[in-house]
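Residue numbers (the numbering used here), protein chains in the order written: chain A, 1 to 359; chain B, 360 to 572.
Here a beta-carbon is modelled for each residue, glycine too, at the ideal position from N, C-alpha and C.
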């Protein structure tokens, strides 16, 4: 009986309530749309749906289980459904090297300009004498310039690939940049192994004279002569030159090996190896390019008489005494110093021409 | 317009200059008057010619240590360039479609890359030696430098166009090839055709006189 009464009561109560609810459901949306201003008037209102897969993929990415599954496809990392680390690496790759490369290279360039403006060319006390000493053989200079030419080509094409998007597209447009980037990529990949061969030639040709020895630390403590007024002692290669040599060899090898890993993706290396190789390659190249700008400056317009060593193979004895006094002593003891006339004869020049060049 | 010029008239013009120029130069050598050798032969001229053609592929042991770099670099460059020119897939396809009407099996892509790397490294070393060795620098002429640089540019534009995605890069390569073809007959590049006859001529002269050189 009670049950029947309850049922009757609820039926009487719910019918009007359901009618009211129905009316409200029709009217309220109209009221709300009239009271709230439309942000995108004129745009068709699409149906808002949540991608049914997004939750699934989020779960896959953020799960705590092992990230490698089982797949019918046999290959490197074919069991990995989603490589979450790849996102972080991609962001790092896009943001960091592009940001830091111009800063580092620009800073080095600025420092050198300031140095040149404030101090000028590093001269030799008493000037050049015209009397010369053999410093490098033909083969050693060929090795040096081969490495230099190949490195410059790789640096230019590498910088086009790295900085072309933000720097060159605004200047030349997308079409020209895509052409330039394609050419640079092909050239860069082709010349990379040539750099490695040149680097090994450099390693074997110069390694014996670039091993650190007693007295090198003094050179470092005096900042290569820039700190204090005292003379800095040096052998055939001074501490700065030796350090530059090892930077070229070690960073060059790191760049070469990482470059070979990148250019040959079919030797079983996984994504992480490729990503790390990319980072090593880019940052190694930025460091080497920055230091090489300093080397080019010091070897040419920065220091009087330096370039001659890599041009003719001979250097002025006064230059040797100023920068490599221990080696100068050996040259005098072994009577290796030749006259200006003899040097001119060896170079196939008239003596006065050689003196002018030397001066 | 430029595409039409490079693929059309300029290509035929450069090819004509190359063919006629090379034939003219070779004919001028073949028909050049030389004195009749009246001396009594002490050996075989033919044998001397053959011997000299092949023996010159290896440097004489007395000078080998001094020229080791240029011998190695010379072989790297010439063999690499030969492989690139006649066994690279794009070149074979070009020759088949435009000149010969038939092709042959190209070398694999990796070999093509290695050959081009050999050729580039060899050419760079050879040109640097020309510039850095005082004797080589003195005996080098402007022609030697132009020939080396032009050959380098042709190889470089070819390697930059490897992707085959841009007509402009292909046209740039073809344009530099056409410049090389026009320059070829009037330059030291003619040694491509004259080095064998030259060796044979010297060898015959040596052989007839019984000189073991």
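Reduced DSSP secondary structure (H/G/I, E/B, other) of residue i
| i | result |
| --- | --- |
| residue 316 of chain A | strand |
| residue 248 of chain A | helix |
| residue 132 of chain A | strand |
| residue 500 of chain B | coil |
| residue 289 of chain A | helix |
| residue 49 of chain A | coil |
| residue 338 of chain A | strand |
| residue 68 of chain A | strand |
| residue 574 of chain B | Outside the shown range of chain B (360 to 572) lies residue 574 of chain B, about which nothing can therefore be said. |
| residue 431 of chain B | helix |
| residue 303 of chain A | strand |
| residue 122 of chain A | strand |
| residue 445 of chain A | Nothing in the structure corresponds to residue 445 of chain A, since chain A is present only between 1 and 359. |
| residue 202 of chain A | helix |
| residue 360 of chain B | coil |
| residue 214 of chain A | coil |
| residue 325 of chain A | helix |
| residue 282 of chain A | helix |
| residue 233 of chain A | coil |
| residue 521 of chain B | coil |
| residue 401 of chain B | coil |
| residue 127 of chain A | coil |
| residue 241 of chain A | helix |
| residue 140 of chain A | helix |
| residue 349 of chain A | coil |
| residue 423 of chain B | coil |
| residue 445 of chain B | helix |
| residue 151 of chain A | helix |
Residue range of the alpha helix (DSSP H) that includes residue i
| i | result |
| --- | --- |
| residue 466 of chain B | Premise fails: residue 466 of chain B is in no alpha helix (DSSP H) and is neither H nor E. |
| residue 106 of chain A | 84-119 |
| residue 81 of chain A | First-last for residue 81 of chain A: undefined, no H or E at that position. |
| residue 270 of chain A | Segment: none, residue 270 of chain A is in no alpha helix (DSSP H) and carries neither H nor E. |
| residue 537 of chain B | 526-542 |
| residue 553 of chain B | 550-568 |
| residue 378 of chain B | 368-389 |
| residue 547 of chain B | Where residue 547 of chain B is concerned, there is no enclosing alpha helix (DSSP H), given that its DSSP letter is neither H nor E. |
| residue 411 of chain B | 404-414 |
| residue 169 of chain A | 169-172 |
| residue 449 of chain B | 448-454 |
Candidates the options, of which the one nearest residue i by Cα
| i | options | result |
| --- | --- | --- |
| residue 141 of chain A | B/502, B/489 and B/498 | B/489 |
| residue 364 of chain B | B/557, B/533, B/564 and B/551 | B/533 |
| residue 568 of chain B | B/460, B/522, B/501 and B/400 | B/400 |
| residue 180 of chain A | B/524, B/433 and B/547 | B/524 |
| residue 211 of chain A | A/247, A/182, A/189 and A/221 | A/247 |
| residue 80 of chain A | A/319, A/68 and A/54 | A/68 |
| residue 340 of chain A | A/318, A/202 and A/326 | A/318 |
| residue 241 of chain A | A/284, A/295 and A/215 | A/295 |
| residue 515 of chain B | B/416, B/541, B/482 and B/526 | B/482 |
| residue 283 of chain A | A/59, A/299 and A/159 | A/159 |
| residue 368 of chain B | B/465, B/537 and B/379 | B/537 |
| residue 123 of chain A | A/129, A/94, A/304 and A/346 | A/304 |
| residue 176 of chain A | B/531, B/535, B/546 and B/527 | B/527 |
Local Cβ density within 10 Å of residue i, reported as buried at 16 or more and exposed below that
| i | result |
| --- | --- |
| residue 383 of chain B | exposed |
| residue 395 of chain B | exposed |
| residue 204 of chain A | exposed |
| residue 571 of chain B | exposed |
| residue 484 of chain B | buried |
| residue 348 of chain A | exposed |
| residue 476 of chain B | buried |
| residue 457 of chain B | exposed |
| residue 219 of chain A | buried |
| residue 72 of chain A | exposed |
| residue 393 of chain B | exposed |
| residue 460 of chain B | exposed |
| residue 550 of chain B | exposed |
| residue 85 of chain A | exposed |
| residue 542 of chain B | buried |
| residue 390 of chain B | exposed |
| residue 435 of chain B | buried |
| residue 451 of chain B | buried |
Three or more C-beta pairs below 8 Å linking the segment 251-265 of chain A and the segment 186-204 of chain A: Flag = yes, the segment 251-265 of chain A and the segment 186-204 of chain A touch.
Sufficient close CB pairs (3 or more, under 8 Å) joining the segment 87-105 of chain A to the segment 158-175 of chain A: The segment 87-105 of chain A is in contact with the segment 158-175 of chain A.
Three CB pairs or more closer than 8 Å across the segment 443-456 of chain B and the segment 490-497 of chain B: No, they do not touch.
The segment 263-272 of chain A contacting the segment 297-314 of chain A, beta-carbon criterion three pairs below 8 Å: Contact between the segment 263-272 of chain A and the segment 297-314 of chain A is absent, with fewer than three C-beta pairs closer than 8 Å.
Cβ pair count under 8 Å reaching 3, the segment 556-565 of chain B against the segment 404-411 of chain B: Contact check between the segment 556-565 of chain B and the segment 404-411 of chain B: three or more CB pairs, one atom from each, fall below 8 Å, which counts as touching.
Inter-stretch contact (C-beta, 8 Å, three-pair minimum) for the segment 104-114 of chain A and the segment 279-293 of chain A: With the cut-off at 8 Å, the segment 104-114 of chain A and the segment 279-293 of chain A touch.
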